[in-house]
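Count the sequence shown with UniProt numbering and you get residues 1 to 356, in order. For glycine and all other residues, C-beta sits at the position ideal for the given N, C-alpha and C.
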Amino acid sequence: MFFASDNWSGAHPAIGEALIREQSGYANAYGTSPLDRKIEARFNEIFEREVAVFFVGTGTAANSLALSSVGRPGGVVFCHKDAHIANDEGGAPEYFTGGGRLATVSGPEGKMTPSELRRIAARYPADFIHHGQPMAVSLTQSTEVGTVYGLDEIDALTAVAKEGGLPVHMDGARFANALVALDTTPAEMTWKRGVDILSFGGTKNGCWCAEAIVFMNPGQAREMPFIRKRAAHLFSKTRFISAQLDAYLTDDLWLNLARHSNAMAERMRIAFRTSAKARLAWETQSNEVFIILPKSAAEAARKAGAQFYDWLTPADQPGLVAEDEVLARCVTSFATTEAEVDRFVSFLEAEPLTKG
1 MFFASDNWSG
11 AHPAIGEALI
21 REQSGYANAY
31 GTSPLDRKIE
41 ARFNEIFERE
51 VAVFFVGTGT
61 AANSLALSSV
71 GRPGGVVFCH
81 KDAHIANDEG
91 GAPEYFTGGG
101 RLATVSGPEG
111 KMTPSELRRI
121 AARYPADFIH
131 HGQPMAVSLT
141 QSTEVGTVYG
151 LDEIDALTAV
161 AKEGGLPVHM
171 DGARFANALV
181 ALDTTPAEMT
191 WKRGVDILSF
201 GGTKNGCWCA
211 EAIVFMNPGQ
221 AREMPFIRKR
231 AAHLFSKTRF
241 ISAQLDAYLT
251 DDLWLNLARH
261 SNAMAERMRI
271 AFRTSAKARL
281 AWETQSNEVF
291 IILPKSAAEA
301 ARKAGAQFYD
311 WLTPADQPGL
321 VAEDEVLARC
331 VTSFATTEAE
341 VDRFVSFLEA
351 EPLTKG
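#1: How long is the line joining the alpha carbons of Lys81 and Val105, rounded to whole angstroms?
#2: Do Met224 and residue 358 come within 9 Å of each other at the CB atom, strictly closer than that value?
#3: What did DSSP end up calling Leu65 once you bin it into helix, strand or coil?
#4: Is DSSP giving Phe334 helix, strand or coil here?
#5: What's the C-alpha gap between Leu166 and Asp316?
#6: Rounded to whole angstroms, what's the CA-CA distance from Val341 to Thr332? Just pull it up for me.
#7: How do the region 216-234 and the region 52-70 stand: do at least 3 beta-carbon pairs fall below 8 Å, yes or no?
#8: Return the chain-ordered ranges of every alpha helix (DSSP H) run that is complete within the region 82-155 and spans a minimum of 4 residues.
#9: Looking at Ile120 and Ala136, is the spacing between their C-beta atoms short of 9 Å?
#10: Just to confirm, are Phe96 and Ala212 a CB contact at a threshold of 9 Å?
#11: Here's the rule I'm using: 16 or more other beta-carbon atoms within 10 Å means buried, otherwise exposed. How should Asn177 be labelled?
#12: Can you tell me the Cα-Cα spacing of Phe235 and Gly31, whole angstroms?
#13: Please look up how many angstroms separate the CB atoms of Val168 and Gly194, rounded, as I've assumed it's under 8 Å.
#14: Quick one: grab the DSSP three-state call for Arg273.
#15: Relative to the ligand PLP, is the shortest distance from any of its heavy atoms to the C-beta of Tyr124 smaller than 8 Å?
#16: With C-beta atoms as the reference, is Leu35 less than 9 Å away from Ala27?
#17: Under 9 Å between the Cβ atoms of Val321 and Gly146?
#18: Hey, could you find the ends of the beta strand (DSSP E) Ser199 is sitting in?
#19: Helix, strand or coil for Leu280 per DSSP?
#20: Is it true that the CB of Phe55 sits closer than 9 Å to the CB of Ala187?
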């Protein structure tokens, strides 16, 4: 019953087999091998245009270096208050942008709203030197609370960004989960909506360690080779990242893995919508499920082997969780089974509401 994070899962067998195929022999280093070039061309196909792709090893690197590429002195990046770059990357975005700041934007369901984004951005007029200057808008897809921006919502946010001449970055650590949830295409969810730079995640969805920074306009990526090298993320044996992505992108494996993890989350959601012992904190659309359950049940579940994270109650929902309850985040992955979900749900249903 492993629901702590999709980062806890292993690698899909096809990913492992691809790595094994590359473990012998020789190939050009530093991203210049035939396999590296093949995957770059594959990204062009996926996004239906020529893009510039830069492989890195972590999602934090992808986000931080992407933002670094649009850095400005005194720069300010606008993101949701729950965004990963604001809460879970240890200051890396600020560090790699050379002191850039994150101005957080509130919004329900983990999503910025155009009106609130416009209001916060107005606090940083480009000609007022003391506040610094707007630098970028970053949105997370899917969000940190399991929700997904609809295409019209992305349109509305990028429109606000373009009003101020700001590039738009998308944190796509769970990009595939959002894509299949919307039943759309990579092009429709990114550059056709006004997204300029994407952090394309593979690690959470069955890869071992494979992330990419994708520039929808290659002309905007001129400085990225130097930025990546300076940040120590130019892998000498880049073909081992490319090998993972080769298997990941073949025969829609990446989409099928995301469909499975989303389906396992939906199986859990269906059960908790009618549960007498636990309830959904809010509705989600990707592979994250947030549930409220008695503290005693959470403790018992952990003793029985269940793994999940306690989650902070959202500031805009102060009465959501009672004193004797806990808010828990459960994340499914490509490796989650129906039996695993059913066992977890059955255990909580069987657990008495009170002890004694």
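Reading from the atomic positions:
#1: 5 Å
#2: Residue 358 falls outside the range modelled here, since the chain spans only 1 to 356, and no answer is possible.
#3: helix
#4: coil
#5: 28 Å
#6: 9 Å
#7: yes
#8: 84-87, 92-96, 114-121
#9: no
#10: no
#11: buried
#12: 8 Å
#13: 6 Å
#14: helix
#15: No copy of the ligand PLP appears in this structure; indeed no ligand is present at all.
#16: yes
#17: no
#18: 197-201
#19: strand
#20: no
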